[in-house]
Amino acid sequence: MIKFHKFGLFTEDFVNLHSVMTDIHTIRRALAPDLESINSLIADRLSSTNPLINEVIGRYLSHKGKQLRPMMVVLTARLLGAAVTDRVIASAASIEMLHNASLIHDDVIDQSSTRHNSPTINAMWDNHIAVLVGDYFVSSALQLVISTADLRAIETIASLGRLLSTGEMDQIHNAANNSISEESYFEIITHKTASLFVACVEMGAYAADADSRKLDIMRRFALLFGQCFQIKDDIFDYFHSDSLGKPTGNDLREGKVTLPLIHALGHTDYPGCRDAASLLARGSLNDDEIASLIRYAIEAGGIDYAESTLLRLRDKAAETLAQLGPDADTTPLLTLLDYIIARDR
């Protein structure tokens, strides 16, 4: 069992934490040839006769993220009995391109200047360039998935774009109307985060010609996986980006209220709850006010609640995957699940 420090950082069970990190590195090494093929295909499909597009995209692709989504496509295909064919590579590449399009557009919406410790496209160039490049990623993803000649895969990519946009719009609407509830929070993270992971397993399952029962199991697993991923990301925002210290509070600066504070505000009898709710309702928070809200969320048990929710969803995801039966080698996907919970960034 993974254990948490009450402030969201690991301090116990280092043997298990080390094991998780060792296992994920093993999986990455095993998938290295596949990821190289995926990245080469992405670079090829994004190549343009326009020198500015090539310059912007070339710089963007030089700073790769965790690549969890293409890994999930490949691992799902393998789990369900498929070889890693050109179809699997194309499916994974199209998902990764659409994911990157959403990140590029998110950086514009959030006015972010850095991602993965590197300047964003909108920071290095401007919003116009970033939006156009994001659109270029979207159209390239659609072109690529069409090459699979699988209408289900094409439908997955087309629907995914709508879900991601809906999740972002829901978040903007809720922030503008001070609508904060656990139900609305989970609806948002299901649309804007979990939907991508569901799309990943769908692409892998389609490549394996999985039956409807296995497809349903994989979808339910991926939904829980995505929710775990986002809750962990949201917990990070309550702490210094490098170590314990001054919280970052970027979500609150952008008007986003996440699970720890939502839960803490539900403790109406807890000292300071009314003040915290009033502060939040005002909007346009300064750094001191953001720090005050984060302190309240921690003291009122918001982080503890988010972590317990995270682990409960993790166990439910593992139980769901077990429904594939004892002969299914689910270890790689379970390792990926434990990694997103154990990660420190």
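Quick note: the sequence shown uses my numbering, first residue 592, plus one each step. By construction, the Cβ of each residue, glycine as well, lies at the ideal position given by its N, Cα and C atoms.
Alpha carbon to alpha carbon, how far is Arg903 from Trp716? Distance between the alpha carbons of Arg903 and Trp716 is about 43 Å.
Taking only the alpha-carbon atoms, compute the straight-line gap between Leu850 and Leu843 and give it to the nearest angstrom. For Leu850 and Leu843, the distance between alpha carbons rounds to 12 Å.
Report all residues from its chain with a CB closer than 7 Å to the CB of Val606; omit the five preceding and five following residues, and keep chain order. Because Val606 sits at a pLDDT of 39, beneath the cut-off of 50, its placement in the model cannot be relied upon, and the following sentence gives the value as read from the coordinates. None.
Alpha-carbon spacing of Ala799 relative to Val675, whole angstroms: The straight-line gap from Cα to Cα measures roughly 10 Å.
Could you tell me the alpha carbon to alpha carbon distance between His719 and His696, rounded to whole angstroms? A direct Cα-to-Cα measurement between His719 and His696 gives close to 10 Å.
For the alpha helix (DSSP H) holding Ala673, just list the boundary residues, first then last. Element bounds for Ala673: n/a, residue is neither H nor E.
Can you tell me whether Ile934 is helix, strand or coil according to DSSP? Reading off the sequence, residue 934 comes out as Arg, not Ile. Arg934 falls in the coil class under three-state DSSP.
Residue closest to Arg886, alpha-carbon to alpha-carbon, out of Ile629, Phe830, Thr640 and Asn641: Ranking the options by Cα distance to Arg886, first place goes to Phe830.
Who are the Cβ neighbours of Ala813 in its own chain at under 6 Å, not counting the five residues just before and after it? Taken in chain order, the residues that qualify are Phe788, Val789 and Val792.
Could you tell me the alpha carbon to alpha carbon distance between Ala749 and Leu870, rounded to whole angstroms? Here the alpha carbon of Ala749 sits roughly 40 Å from the alpha carbon of Leu870.
State the start and end residues of the unbroken alpha helix (DSSP H) segment that holds Ile771. Annotation for Ile771: no alpha helix (DSSP H) segment contains it, and DSSP assigns it neither H nor E.
Name the residue from Arg743, Asp726, Gln914 and Gly656 whose alpha carbon lies nearest to the alpha carbon of Arg811. Considering only alpha carbons, the answer is Gln914.
Give me the DSSP bridge partner(s) of Ser709. DSSP links Ser709 through a beta bridge to Arg706.
Leaving out five residues before and five after Glu778 in sequence, what residues of the same chain have Cβ atoms less than 6 Å from its Cβ? Taken in chain order, the list of residues that qualify is empty.
Helix, strand or coil for Asp824, going by three-state DSSP, please let me know. Reduced to three states, the DSSP call for Asp824 is helix.
6 Å CB neighbourhood of Tyr896 in its chain, flanking five on each side removed: Excluding sequence neighbours, Tyr896 sits near His854.
Starting from Ser899, trace the alpha helix (DSSP H) in both directions and tell me its first and last residue. The continuous alpha helix (DSSP H) containing Ser899 extends over residues Gly893 to Ala913.
In angstroms with no decimal places, state the Cα-to-Cα distance between Ser786 and Pro661. In this structure, the straight-line span from the alpha carbon of Ser786 to that of Pro661 is close to 14 Å.
What do you reckon, are the CB atoms on Ala868 and Gly840 nearer than 8 Å? The beta carbons of Ala868 and Gly840 sit no closer together than 8 Å.
For Gln734, count neighbouring Cβ atoms within 10 angstroms of its own Cβ and tell me buried if that reaches 16, exposed if not. When all chains shown are included, Gln734 counts as exposed.
CB of Ala867 to nearest heavy atom of the ligand SAH: below 7 Å? The ligand SAH is absent from the structure shown, which contains no ligand whatsoever.
To the nearest angstrom, how far is the alpha carbon of Phe728 from that of Glu890? Taking the CA atoms as reference points, Phe728 sits about 43 Å from Glu890.
Kindly confirm or deny that the stretch 753-767 and the stretch 627-637 touch, where touching means at least three C-beta pairs closer than 8 Å. Too few Cβ pairs lie closer than 8 Å, so no.
Mind reading off the beta-carbon distance from Ile771 to Leu856? Whole number of angstroms is fine, and I expect it under 8 Å. That belief holds up - the Cβ atoms of Ile771 and Leu856 are roughly 7 Å apart, short of 8 Å.
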